[in-house]
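**Q** Here it is, the structure, as structure tokens.
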Amino acid sequence: MPDHAHDPLIQFRKVNKTYDGKTFVVRDLSLDIYKGEFLALLGPSGSGKSTTLGMLAGFEHPSSGSITLGGKSLQDTPTHKRKFGMVFQNYSLFPHMTVMENIIFPLRMQGMSRKDAYKLGQTALEMVDLRDPEMGKRKPDQLSGGQQQRIALARALVFEPVVILFDEPLGALDKRLREQMQLELRQIHKRLGVTMIFVTHDQSEALTMADRVAVFNEGRIQQIASPMQLYDEPETAFVASFVGENNKIRGKVIHAQADACNVELVDGSRGEGISPNRLAPDTNVLVVVRPERVVVAPADGYGNRHPARVNEVIELGDQTRLRLDVAGNDEFLVKIPRTRGAPEFQIGQSLVIGWRSQDCRVLRA
Ligand code: ADP
Numbered sequence: 000m001p002d003h004a005h006d007p008l009i010q011f012r013k014v015n016k017t018y019d020g021k022t023f024v025v026r027d028l029s030l031d032i033y034k035g036e037f038l039a040l041l042g043p044s045g046s047g048k049s050t051t052l053g054m055l056a057g058f059e060h061p062s063s064g065s066i067t068l069g070g071k072s073l074q075d076t077p078t079h080k081r082k083f084g085m086v087f088q089n090y091s092l093f094p095h096m097t098v099m100e101n102i103i104f105p106l107r108m109q110g111m112s113r114k115d116a117y118k119l120g121q122t123a124l125e126m127v128d129l130r131d132p133e134m135g136k137r138k139p140d141q142l143s144g145g146q147q148q149r150i151a152l153a154r155a156l157v158f159e160p161v162v163i164l165f166d167e168p169l170g171a172l173d174k175r176l177r178e179q180m181q182l183e184l185r186q187i188h189k190r191l192g193v194t195m196i197f198v199t200h201d202q203s204e205a206l207t208m209a210d211r212v213a214v215f216n217e218g219r220i221q222q223i224a225s226p227m228q229l230y231d232e233p234e235t236a237f238v239a240s241f242v243g244e245n246n247k248i249r250g251k252v253i254h255a256q257a258d259a260c261n262v263e264l265v266d267g268s269r270g271e272g273i274s275p276n277r278l279a280p281d282t283n284v285l286v287v288v289r290p291e292r293v294v295v296a297p298a299d300g301y302g303n304r305h306p307a308r309v310n311e312v313i314e315l316g317d318q319t320r321l322r323l324d325v326a327g328n329d330e331f332l333v334k335i336p337r338t339r340g341a342p343e344f345q346i347g348q349s350l351v352i353g354w355r356s357q358d359c360r361v362l363r364a
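Numbered according to numbering that gives the first Met the number 0, the sequence shown spans residues 0 to 364.
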């Protein structure tokens with residue numbers, strides 16, 4: 000678990016990065032990373048995640064700003080002296096070496112005897128659940144993709160680094176294996192308490208594994224929060240769209256008090272919700288609500304009630320998904336758990352739907 004009681008282990012301060020002197024691919028990035036946390040850097044391709052990780056690793060240098068480890072600047076520390084474990088998508092194992100030689104390579108580089116290194120290598124193999132005694136003697140090309148990735152992980156764990164950096168390490172694996180490795184990585188993280196920083200464009204991967212997720216878009220961190228906070232309390236329209244499914248209706252703030260806010264929607268109807276950024280009257284906004292927080296025929300006490308028309312009904316074993324026309328949005332999605340005796344819906348049917356103000360976010364359009 001992250002150790003927020005102490006100073007951050009790693010600090011990015013106002014870091015900017017440009018490769019060509021014109022376009023900034025990382026902008027004004029300030030980020031605190033705590034000892035023992037599992038931090039995911041999540042965002043679409045090209046949003047600056049790998050560049051951020053690369054600057055921490057020392058492959059790239061900030062164009063301005065600073066990065067510190069334990070309060071000391073990393074500016075003049077070359078990659079190999081930073082002593083981070085690293086795991087990448089393309090395994091980067093040496094093909095001519097055996098599995099064991101690959102794993103103990105970092106220890107041998109540090110001058111450890113072969114005998115001592117083998118012992119630690121064996122422990123690392125067990126940590127990644129490769130217990131076959133013959134495993135260490137094989138060559139990488141005799142292994143599956145999943146096994147090669149475990150070896151790469153064992154090589155990162157073997158020298159007990161304080162921090163391990165991962166760049167899309169599971170991207171080449173099939174879905175089932177990827178999900179299995181996500182759970183295993185999380186267990187290894189819990190067991191060892193090592194700080195892990197993990198780049199991915201896959202939101203479910205980030206939400207499954209991380210203590211905190213930093214959501215990147217166009218070189219900026221949009222929000223950094225726990226998975227549940229990101230899901231329940233998105234602070235920008237980008238985060239609301241990128242993490243999970245959300246309905247959006249265009250509107251305008253008409254009244255605001257602290258973070259409570261009344262809006263007028265494009266069709267002239269009214270609603271209310273939470274405005275985390277405390278937007279002023281007249282601001283153009285997106286009113287955002289999760290499909291599972293919407294109810295049909297709302298009881299009293301729901302701050303938002305709207306007429307709706309059913310465009311599509313999709314029955315999935317455990318839930319019914321309705322696509323509705325609501326306040327000018329004909330892609331409005333509602334998820335209703337399927338229980339015995341639940342009402343049936345027909346295309347073209349008129350309904351009244353609603354959602355609670357606290358389940359509704361009002362974000363800058
Ligand atoms: P992500 O990891 O989120 O996919 P990257 O950090 O890899 O994003 O890339 C951010 C932007 O920087 C992209 O537009 C990419 O094309 C550019 N970029 C990345 N590496 C280099 C490089 N070595 N030289 C020039 N441009 C680069």
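Where is the CB? At the ideal position from N, CA and C, for every residue including glycine.
Taking C-beta to C-beta, are alanine 255 and alanine 279 nearer than 8 Å?
**A** yes
**Q** With DSSP run on the structure shown, which of helix, strand or coil describes alanine 341?
**A** coil
**Q** Would you mind stating whether asparagine 89 and proline 139 have Cβ atoms separated by less than 8 Å?
**A** no
**Q** Tell me which same chain residues have a C-beta within less than 6 Å of the C-beta of leucine 350, skipping the five on either side of it?
**A** Val295 and Ala307
**Q** Tell me which same chain residues have a C-beta within less than 7 Å of the C-beta of glycine 170, skipping the five on either side of it?
**A** Gln88
**Q** Between phenylalanine 83 and ligand 1, is the CB less than 7 Å from at least one heavy atom?
**A** no
**Q** Give me the Cβ distance between glycine 272 and valine 262, rounded to the nearest whole Å; I'm assuming they're in contact under 8 Å.
**A** Correct: roughly 7 Å between the Cβ atoms.
**Q** Using the Cα positions of alanine 224 and threonine 194, report the straight-line distance between them to the nearest angstrom.
**A** Near 16 Å, if we compare the C-alpha coordinates of threonine 194 and alanine 224.
**Q** How close, in whole Å, do the beta carbons of proline 61 and lysine 16 come, if the pair is a contact with beta carbons under 8 Å?
**A** 6 Å
**Q** What did DSSP end up calling arginine 289 once you bin it into helix, strand or coil?
**A** coil
**Q** Taking 5 Å as the limit, name every residue whose beta carbon sits nearer than that to some heavy atom of ligand 1, in sequence order.
**A** Tyr18, Val24, Ser44, Gly45, Ser46, Gly47, Lys48, Ser49 and Thr50
**Q** Any idea what DSSP makes of proline 226, helix, strand or coil?
**A** helix
**Q** Out of Pro233, Met85, Lys247 and Ile187, state which residue places its alpha-carbon closest to the alpha-carbon of proline 168.
**A** For the residues Pro233, Met85, Lys247 and Ile187, the minimum Cα distance to proline 168 belongs to Met85.
**Q** Please list, in chain order, all residues of the same chain as valine 162 whose beta carbon is under 6 Å from its beta carbon, the five residues on each side excluded.
**A** Phe83 and Thr194
**Q** Among Arg219, Ile187, Leu106 and Pro132, which has the Cα closest to the Cα of aspartate 27?
**A** Arg219
**Q** Please identify the residue among Ser72, Ser29, Cys359 and Ile9 whose C-alpha is closest to the C-alpha of glutamate 232.
**A** Cys359
**Q** Write down every uninterrupted run of the alpha helix (DSSP H) in the stretch 263 to 321 whose length is 4 residues or greater and which is fully enclosed by it, in chain order.
**A** If you keep only unbroken alpha helix (DSSP H) runs of at least 4 residues inside the stretch 263 to 321, you get nothing at all.
**Q** Taking 7 Å as the limit between beta carbons, can you name the residues of its chain near glycine 250, skipping five residues before and five after?
**A** Val262, Glu263, Leu264, Val265, Val284 and Val286
**Q** Under 6 Å Cβ to Cβ from methionine 99, same chain only, skipping five residues before and after it: list those, please.
**A** Gly120 and Gly135
**Q** Are the beta-carbon atoms of phenylalanine 197 and arginine 154 separated by less than 8 Å?
**A** Phenylalanine 197 is not a Cβ neighbour of arginine 154, given a cutoff of 8 Å.
**Q** Report the partner residues of serine 63 according to the DSSP bridge assignment.
**A** Per the DSSP secondary-structure output, serine 63 pairs in a beta bridge with Asn15.
**Q** If you follow the alpha helix (DSSP H) that alanine 4 is in, where does it begin and where does it stop?
**A** Careful: alanine 4 lies outside any alpha helix (DSSP H) and carries neither H nor E.
**Q** Looking at the unbroken beta strand (DSSP E) that takes in phenylalanine 104, where does it start and where does it end?
**A** Careful: phenylalanine 104 lies outside any beta strand (DSSP E), inside the alpha helix (DSSP H) at 98 to 108.
**Q** If you drop the 5 nearest sequence neighbours on each side, which residues of the same chain put their C-beta closer than 7 Å to that of alanine 123?
**A** Ile102, Ala153, Leu156 and Val157
**Q** Check whether the stretch 199 to 211 touches the stretch 28 to 43, counting contact only when three or more Cβ pairs, one atom from each stretch, lie closer than 8 Å.
**A** yes
**Q** Distance check for leucine 229 and valine 325, CA to CA, integer angstroms please.
**A** Distance between the alpha carbons of valine 325 and leucine 229 is about 25 Å.
**Q** Please state whether DSSP places methionine 195 in a helix, a strand or coil.
**A** strand
**Q** Check this for me: beta carbons of serine 72 and asparagine 216, under 8 Å apart or not?
**A** Contact flag unset, no.
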